[in-house]
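Visitor:
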Amino acid sequence: MTETLLIPLSLFLLANLLAGLWRLVVGPTPADRLLTSQLFATTAVAILLLHAEWQSLPALRDVALVFALLGAVTAVAFVRRTSPARDAE
Amino acid sequence: MAEISGLSWTGVIRQAAVLGGLWLILTGADPGSLVVGVPAVLFAALVSDFRGRGTSIRIVPLLRFLPVFLLRSVVAAFDVARRTLAAGLPISPGLVSHDLTLPPGASRVVFMNTVSLLPGTLSATLKGDRLTVHVLDDGRDHPAELAALEKTMAGIFPGASRD
Amino acid sequence: MAWLASGCLLLGGFFFLAGTLGLLRFPDVYSRLHALTKADNVGLGLVIAGLSLQSGSPAAAGKMTLVWLLVLVTSSSVAHLVARDSLRRGEKPWSG
């Protein structure tokens with residue numbers, strides 16, 4: 001029964017992600033746009049894990065792991081590049 | 001605790017156990033992977049111990065906090081869901097200052113990250129020992145909640161109490 | 001067990017929806033961060049819980065739990081970095 005949920009759920013998550021991209025269009029600040037990349041990373045991880053189960057492709061779980069890591073790198077790079085003078089912390 | 005030229009063997013063994021577990025999860029416990037895995041884990045455990053003293057964690061308080069954390073994360077998600085679905089967008093955000101008693105280091109980082117995952121609070125900035133928290137509902141007793149969470153953290157990280 | 005797995009997956013999907021609604025409806029970057037870090041992380045956690053129950057494989061469950069922990073750590077750190085960055089830029093939190 002759970003099996004039949006996997007594909008509808010991943011399609012739903014995809015639609016959800018596309019709706020969230022509106023924030024990328026309207027911003028207004030660069031930080032707001034970065035939030036979409038956060039949304040993208042988390043949603044992509046969920047969709048990959050659903051497909052790993054549905055298609056019996058365990059390698060997709062490793063892809064999900066890499067996505068989870070990349071999300072962090074993107075955001076740290078963003079903040080380091082755009083941040084105004086950083087005081088010591 | 002046997003210490004040979006700054007190397008603590010209990011530390012190495014503990015680190016090797018953690019890294020070994022991680023290796024088994026990542027490789028799905030494939031026996032063939034152990035040819036690379038065992039040397040890699042041992043090497044990493046030795047090197048990471050030379051790097052300096054690690055952070056010690058008390059297991060029992062951690063295990064006691066885990067279900068609380070999971071439950072309150074779910075509460076946080078329901079809280080956000082309720083506010084986004086409501087017609088009038090019922091939020092009254094604000095900034096709350098909190099003076100940290102946890103020293104700089106792992107316990108403080110874990111505390112700040114945990115704050116962001118619990119209901120209605122988000123670690124915003126840190127200046128010296130003063131943490132500014134963005135809150136979704138400024139009517140709640142945030143100082144008391146933050147202080148209680150900090151006490152829990154100090155229990156998990158024994159090296160972290162300053163008094 | 002199948003009911004529990006399905007329930008976790010559906011509730012997980014609901015939280016992803018809540019996160020996106022928050023991202024679209026909340027008035028400033030700070031409150032949007034609240035919505036994303038809390039709702040999406042729990043949504044992913046529930047999807048992973050449901051999949052772990054469904055697959056019944058400890059290896060798969062272990063790896064997915066690891067993925068979840070990684071996402072928790074990164075998204076809460078990112079939330080802090082973005083909030084800090086925005087405050088430094090003088091972005092005022094919305095109030096009332």
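Chains as they are written, first to last, in this note's numbering: chain A, 1 to 89; chain B, 1 to 163; chain C, 1 to 96. Glycine included, every Cβ here is placed at the ideal spot set by N, Cα and C.
Would you tell me roughly how many angstroms separate the C-alpha atoms of Leu-149(B) and Gly-32(B), rounded to the nearest one?
Guide: Rounded to the nearest angstrom, the two C-alpha atoms are 44 Å apart.
Visitor: By how many angstroms is the C-alpha of Leu-53(C) removed from the C-alpha of Arg-72(B)?
Guide: Cα to Cα, Arg-72(B) sits roughly 22 Å from Leu-53(C).
Visitor: Using a Cβ-Cβ distance cut-off of 8 Å, determine whether Asn-84(C) contacts chain B.
Guide: Note that residue 84(C) corresponds to Arg in the displayed sequence, not to Asn. Yes, contact with chain B.
Visitor: Counting only Cβ-Cβ distances shorter than 7 Å, please list the residues of the stretch 14–37 of chain A near chain C, keeping chain order.
Guide: So the list reads Asn-16, Ala-19, Gly-20, Trp-22, Arg-23, Thr-29, Ala-31, Asp-32, Leu-34, Leu-35, given in the order they occur along the chain.
Visitor: Please tell me whether Leu-117(B) and Ala-144(B) are closer than 8 Å, where the distance is taken between their beta carbons.
Guide: No, these two residues do not count as a Cβ contact at 8 Å.
Visitor: By the criterion of Cβ-Cβ separation under 8 Å, what are the contact partners of Leu-71(B) in chain C?
Guide: Correct list: empty, because the minimum Cβ distance to chain C is about 11 Å.
Visitor: Name the chain A residues that come within less than 7 Å of Leu-87(C), Cβ to Cβ?
Guide: Near Leu-87(C) there are no residues of chain A at all, since even the closest Cβ is about 10 Å away, more than 7 Å.
Visitor: What three-state label does DSSP hand Glu-89(A) in the structure shown?
Guide: Bear in mind that the predicted position of Glu-89(A) carries a pLDDT of just 42, short of 50, making it unreliable; the figure below should be weighed with that in mind. Note: Glu-89(A) maps to coil in three-state DSSP.
Visitor: Does the Cβ-Cβ distance between Leu-136(B) and Pro-93(B) come in under 8 Å?
Guide: Taking 8 Å as the Cβ cut-off, Leu-136(B) and Pro-93(B) qualify as a contacting pair.
Visitor: If the cut is a Cβ gap below 9 Å, which residues of chain C does Ala-77(A) touch?
Guide: Within 9 Å Cβ-Cβ: nothing; Ala-77(A) doesn't reach chain C, min ~11 Å.
Visitor: Using a Cβ-Cβ distance under 8 Å, would Val-45(A) count as near chain C?
Guide: Closer than 8 Å: yes.
Visitor: Starting from the Cα of Ala-16(B), find the closest Cα among Arg-82(B), Val-38(B), Val-68(B) and give me that residue.
Guide: Of the candidates Arg-82(B), Val-38(B), Val-68(B), the one whose C-alpha sits nearest the C-alpha of Ala-16(B) is Val-38(B).
Visitor: Where does Gly-32(B) fall in DSSP's three states?
Guide: Helix at Gly-32(B).
Visitor: Please give the ranges of any beta strand (DSSP E) in the stretch 51–101 of chain B, keeping only runs that are unbroken, at least 3 residues long and fully inside the region.
Guide: Whole beta strand (DSSP E) segments, 3+ residues: 94–99.
Visitor: Excluding the 5 residues preceding and the 5 following Ser-48(B) in the sequence, name in chain order all residues of the same chain whose CB lies nearer than 7 Å to its CB.
Guide: Closer than 7 Å at the Cβ level, and outside the excluded window around Ser-48(B), lie Gln-15.
Visitor: Count the other C-beta atoms from every protein chain shown that fall within 10 angstroms of the C-beta of Glu-3(A), then say buried if there are 16 or more, exposed otherwise.
Guide: That one is exposed.
Visitor: Identify the contact partners of Pro-93(B) in chain C, using a Cβ-Cβ distance below 7 Å as the criterion.
Guide: Within 7 Å Cβ-Cβ: Tyr-30, Ser-31, Pro-93, Trp-94, Ser-95.
Visitor: On the criterion of 16 or more Cβ atoms from any shown chain inside 10 Å, does Thr-10(B) qualify as buried, or is it exposed?
Guide: Classification for Thr-10(B): exposed.
Visitor: For Val-18(B), tell me which candidate among Gly-28(B), Ala-45(B), Ser-8(B) has the shortest Cα-Cα distance.
Guide: For the residues Gly-28(B), Ala-45(B), Ser-8(B), the minimum Cα distance to Val-18(B) belongs to Ala-45(B).
Visitor: So Ser-123(B) is in the alpha helix (DSSP H); what residue range does that whole segment cover?
Guide: Note, Ser-123(B): premise wrong, no alpha helix (DSSP H); beta strand (DSSP E) at 121–127.
Visitor: Using a Cβ-Cβ distance under 8 Å, would Thr-125(B) count as near chain C?
Guide: Chain C, which has a Cβ nearer than 8 Å to the Cβ of Thr-125(B), makes this yes.
Visitor: Taking the beta carbon of Glu-89(A) as the centre, do at least 16 other beta carbons fall within 10 Å, making it buried, or is it exposed?
Guide: Caution is warranted here: a pLDDT of 42 is assigned to Glu-89(A), below 50, making its placement in the model unreliable, and the coordinate value is therefore given only provisionally. Per the 10 Å Cβ criterion, exposed.
Visitor: Just checking: is the beta-carbon of Arg-81(A) within a distance shorter than 8 Å of some beta-carbon in chain C?
Guide: Taking Cβ atoms only, chain C never reaches closer than 8 Å to Arg-81(A), which makes this a no.
Visitor: By DSSP, does Arg-140(B) sit in helix, in strand, or in coil?
Guide: Arg-140(B): coil per DSSP, three-state reduction.
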